[in-house]
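Okay, structure first, notes after.
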Amino acid sequence: MSEWTCDSNQALTLSLVRAQEDAQAEESKPFHPRFTYPIYGDDEKIYGYEGLVIDLKLASGSLVPFVNVKYNKKLDSSATVDDVEGTLAKFIPKDYYTDEKAFLERVEAESVGFKPPGELIHTYTRPDKNKGVATTSEDTVTFEVYHATWKSPGFLELHRRMQLFILLYIEAGSYIDETEETWEFALLYEKRKRRGTVAADAFAYHFVGYSALYPFYCFPDRVRLRLSQFVILSPYQRGGHGSELYTAIYQHILKQPSIAELTVEDPAEAFEDLRDKNDLLMLLGNKQFMEEAIGADSVSHGGGRVGGVGKGGRSGRGGNKTAAAKAKGKLGPPVDKTWREKWRSDLKMAARQFHRLIEMLILLRLDPNDELAERAYRLQVKERLYRFNYDMLVQMDKEERLDKLEDTFQGVREDYLRILALLSH
Ligand SMILES: CC(=O)SCCNC(=O)CCNC(=O)[C@H](O)C(C)(C)COP(=O)(O)OP(=O)(O)OC[C@H]1O[C@@H](n2cnc3c(N)ncnc32)[C@H](O)[C@@H]1OP(=O)(O)O
1 MSEWTCDSNQ ALTLSLVRAQ EDAQAEESKP FHPRFTYPIY GDDEKIYGYE GLVIDLKLAS
61 GSLVPFVNVK YNKKLDSSAT VDDVEGTLAK FIPKDYYTDE KAFLERVEAE SVGFKPPGEL
121 IHTYTRPDKN KGVATTSEDT VTFEVYHATW KSPGFLELHR RMQLFILLYI EAGSYIDETE
181 ETWEFALLYE KRKRRGTVAA DAFAYHFVGY SALYPFYCFP DRVRLRLSQF VILSPYQRGG
241 HGSELYTAIY QHILKQPSIA ELTVEDPAEA FEDLRDKNDL LMLLGNKQFM EEAIGADSVS
301 HGGGRVGGVG KGGRSGRGGN KTAAAKAKGK LGPPVDKTWR EKWRSDLKMA ARQFHRLIEM
361 LILLRLDPND ELAERAYRLQ VKERLYRFNY DMLVQMDKEE RLDKLEDTFQ GVREDYLRIL
421 ALLSH
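Its first residue numbered 1, the sequence shown is counted upward by one per residue in the UniProt record's numbering.
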């Protein structure tokens with residue numbers, strides 16, 4: 001890289017600023033985005049500066065921005081030097097701060113008054129990583145999920161600030177249309193007791209992440225809600241917050257009679273794993289579903305448990321399955337399709353996702369020495385794969401098609417084993 005060229009992912013430095021009383025938090029440390037190509041171009045390079053830092057600070061609650069561009073040297077004014085601030089300004093609200101003192105005063109003022117917009121739909125706690133291991137309730141931090149629409153007071157302004165994270169974190173992510181009224185949102189906030197001199201019962205809210213969902217018509221009289229955007233900010237990633245937000249959205253949907261199912265738009269791999277893991281845990285924890293799936297005897301003997309699913313392998317291998325339980329279970333293989341469809345519809349799951357989950361649950365208990373069961377399983381999975389890839393497979397001759405299906409099946413099976421291993425950590 002030439003002396004005058006900077007990596008824009010490194011140059012852009014984000015931080016979530018808390019009020020001075022609250023500032024000593026892990027989550028306020030600076031971090032870098034995953035992508036900047038939607039802002040600074042496909043090669044994610046900025047030309048014309050040495051030691052460039054684009055300091056983008058956001059008030060941790062309202063996400064009001066402050067921008068300060070710093071550098072050691074800048075090339076003499078010429079047409080080729082990139083306009084760093086002007087380019088970023090096109091993607092954030094016009095009224096961003098450039099005066100740090102005024103910005104910090106705003107952060108202080110908001111730290112007592114800011115509350116997330118929308119309706120509270122889910123609460124959970126985590127040990128306070130800024131205090132070490134939790135021993136009392138004082139050592140835990142509360143997190144809250146809010147359901148919001150454009151009509152929720154204060155949400156439109158907040159969304160104009162937080163949508164930048166879609167560009168910075170989601171590949172091929174783009175801004176949504178504010179004039180489309182039907183968007184729904186789930187916002188995740190940390191709710192933390194204020195420190196220092198402020199009132200003992202005062203709380204401050206800090207933004208963690210959010211999701212945008214869009215309803216599509218679903219025959220005859222309901223909607224299919226499509227999760228289109230989902231982001232958890234770097235300082236909070238891999239702490240189970242994405243799982244909590246996803247579960248809150250799913251539980252909210254289960255309670256809404258007008259929503260038929262939840263679908264996901266073009267999920268990133270990490271999100272697919274998050275979704276599979278949480279969906280599997282939800283099914284394994286559903287007593288009635290598991291009893292019908294594998295028989296009440298097997299569930300009470302631990303056949304529906306996750307425990308013992310080690311890395312890259314299954315436990316149980318059918319060893320403790322009684323013949324009676326096998327005969328009773330609707331899971332198969334092959335699965336009872338009418339039973340599967342009833343549960344899919346009750347659990348409001350998209351068809352492909354639910355069929356995959358069923359295939360994973362079967363694999364979890366499949367006895368590799370039971371050739372009949374192995375064959376029934378292979379046929380079940382291949383039937384789904386055939387339908388899903390029909391347009392491509394139908395163009396091949398028979399031998400090629402069978403080879404392709406077998407390869408795909410083996411790949412899918414390997415991936416299922418990888419996902420099942422995620423359940424044990
Ligand atoms: C429809 C869409 O919007 S798809 C786009 C999804 N969003 C993005 O990719 C934006 C950038 N990334 C993020 O926002 C977050 O990293 C998310 C949403 C993918 C995950 O959020 P997190 O809060 O980190 O997830 P959480 O801690 O609940 O992880 C649950 C499981 O998901 C899987 N997972 C989460 N992140 C990753 C990752 N980066 N790579 C692989 N697996 C992952 C793991 O199995 C994880 O369990 P584990 O930590 O016990 O191994």
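Glycine is no exception: its CB is placed at the ideal position from the N, C-alpha and C atoms.
Residue i in three-state terms, based on DSSP
i    : result
K113 : Residue 113 is actually Gly in this sequence, not Lys. Correct three-state label for G113: helix.
F165 : helix
M290 : helix
A172 : coil
P38  : helix
K74  : strand
K94  : coil
A367 : Note on residue identity: the sequence assigns Asp, not Ala, to residue 367. Of the three classes helix, strand and coil, the one that applies to D367 here is coil, per DSSP.
F409 : helix
E359 : helix
S258 : coil
A268 : coil
E119 : strand
A296 : helix
G242 : helix
Of the listed residues the options, nearest to residue i (C-alpha basis)
i    : options                : result
K382 : E291, G239, F409, P153 : F409
L417 : R375, A376, L366       : L366
K94  : E110, P215, A59, E85   : E85
N278 : L331, T87, G240, V64   : G240
S424 : L284, F354, F203, M349 : L284
P127 : I253, R352, D139       : D139
V81  : F143, L402, L52        : L52
Q24  : T36, T5, E119, K131    : K131
Y37  : K151, A172, Q20, E110  : A172
Residues that DSSP places opposite residue i in a beta bridge
i    : result
G209 : L188, I232
Y124 : F143
T263 : R226
Y214 : R226
N68  : D55
Y386 : Looking at the DSSP assignment, Y386 forms no beta bridge with any residue, so it has no partner.
D7   : K45
L14  : F31, L56
M349 : L262
F203 : K193
E50  : K73
A148 : F185
Straight-line gap, residue i to residue j (C-alpha atoms, nearest Å)
i           : j    : result
E3          : E50  : 7 Å
T125        : L405 : 45 Å
residue 488 : Y214 : What the structure shows of the chain is the stretch from 1 to 425, and residue 488 is not part of that stretch, so it cannot be assessed.
Y169        : R413 : 30 Å
I166        : F203 : 27 Å
E374        : P368 : 7 Å
D407        : L331 : 24 Å
R352        : A421 : 21 Å
R18         : G329 : 54 Å
I92         : Y250 : 30 Å
K57         : L104 : 10 Å
CB of residue i within 9 Å of CB of residue j, strictly
i    : j    : result
A268 : R222 : no
L88  : I121 : no
K45  : D55  : no
L188 : A248 : yes
A212 : Q229 : yes
E292 : W343 : yes
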